[in-house]
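Colleague: This is the structure I want to talk about, given as structure tokens.
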Amino acid sequence: MSKPAAAFTPLNIAVLTVSDSRTLAEDTSGQYLADSLTEAGHHLADRQLISDDIYQIRAVISGWIADPKVQAVITTGGTGFFIRDSMPEAVKVLFDKSIDGFGEMFRLISKDEIGMSTVQSRAVAGMANGTGIFCLPGSSGACRTGWENILKEQFDSRTRPCNFVPHFLAQNPGHD
Numbered sequence: 001m002s003k004p005a006a007a008f009t010p011l012n013i014a015v016l017t018v019s020d021s022r023t024l025a026e027d028t029s030g031q032y033l034a035d036s037l038t039e040a041g042h043h044l045a046d047r048q049l050i051s052d053d054i055y056q057i058r059a060v061i062s063g064w065i066a067d068p069k070v071q072a073v074i075t076t077g078g079t080g081f082f083i084r085d086s087m088p089e090a091v092k093v094l095f096d097k098s099i100d101g102f103g104e105m106f107r108l109i110s111k112d113e114i115g116m117s118t119v120q121s122r123a124v125a126g127m128a129n130g131t132g133i134f135c136l137p138g139s140s141g142a143c144r145t146g147w148e149n150i151l152k153e154q155f156d157s158r159t160r161p162c163n164f165v166p167h168f169l170a171q172n173p174g175h176d
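Under UniProt numbering, think of the first position of the sequence shown as 1, with each following residue one higher.
Below is the structure:
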């Protein structure tokens, strides 16, 4: 007798855009992420746009990490090499565990799209207090790459052999 198909488990996901030049109305990257996660069946827990300041970034993300209703955070912007790009420095200190494969896979996938310019991406991810934090570059194209090729599938509880959902929900599933 086969096991029944797993049910989809919607997540509460917050979106943070870091930009010194855009307003929320001009934020195509954050809007893309918000639209995509809701189209996939998840809930937009919160959406904010702040300037690229290490302490503002930490304050907003720390609030979401402490909120038991937020299971994942996706950020866009601040992952480059310009003087104000400080997303990795802001969030890495918050991680309980880093998810090294996320940045590695993001750069591998985006190489086909933007060539060797992908080495300038400092996309990072980690877990903090059971909350997943995934930091993407600020372009809409980069957000589409990260969502469509990595996050959409890994945020889907039906993805096998594994996905991030049990980690966000503090479950320790058996391995079949």
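A virtual CB, placed ideally from N, CA and C, is assigned to each residue, including glycine.
State the CB to CB distance for the pair A45 and N12, rounded to an integer number of angstroms; the pair is presumed to be in contact (CB under 8 Å).
Modeller: 4 Å
Colleague: Give, in chain order, every unbroken run of the alpha helix (DSSP H) that is at least 4 residues long and sits entirely within the UniProt domain "MoaB/Mog" (14-158).
Modeller: 28-39, 54-66, 87-92, 100-114 and 140-146
Colleague: Once the 5 residues before and after L24 are set aside, which same chain residues still bring their CB inside 7 Å of it?
Modeller: L49
Colleague: In angstroms, rounded to a whole number, what distance separates the CA positions of S117 and G80?
Modeller: 11 Å
Colleague: Shortest alpha-carbon distance to D96 belongs to which of I83, F155, R158 and G132?
Modeller: G132
Colleague: State the CB to CB distance for the pair A14 and S157, rounded to an integer number of angstroms; the pair is presumed to be in contact (CB under 8 Å).
Modeller: Contact doesn't hold; Cβ gap of about 19 Å is too wide.
Colleague: Could you work out which residue in L108, E104 and T9 is closest to L37 when comparing CA atoms only?
Modeller: T9
Colleague: Name the DSSP bridge partner or partners of N12?
Modeller: H43.
Colleague: Got a sec, what are the start and stop residues for the alpha helix (DSSP H) F168 sits in?
Modeller: V165 to F168
Colleague: Relative to the alpha-carbon of F82, which residue among T28, S121 and E104 has its alpha-carbon at the smallest distance?
Modeller: S121
Colleague: Does L169 pass the burial test, meaning 16 or more other C-beta atoms within 10 Å, or should it be called exposed?
Modeller: Exposed, because fewer than 16 other Cβ atoms sit within 10 Å of the Cβ of L169.
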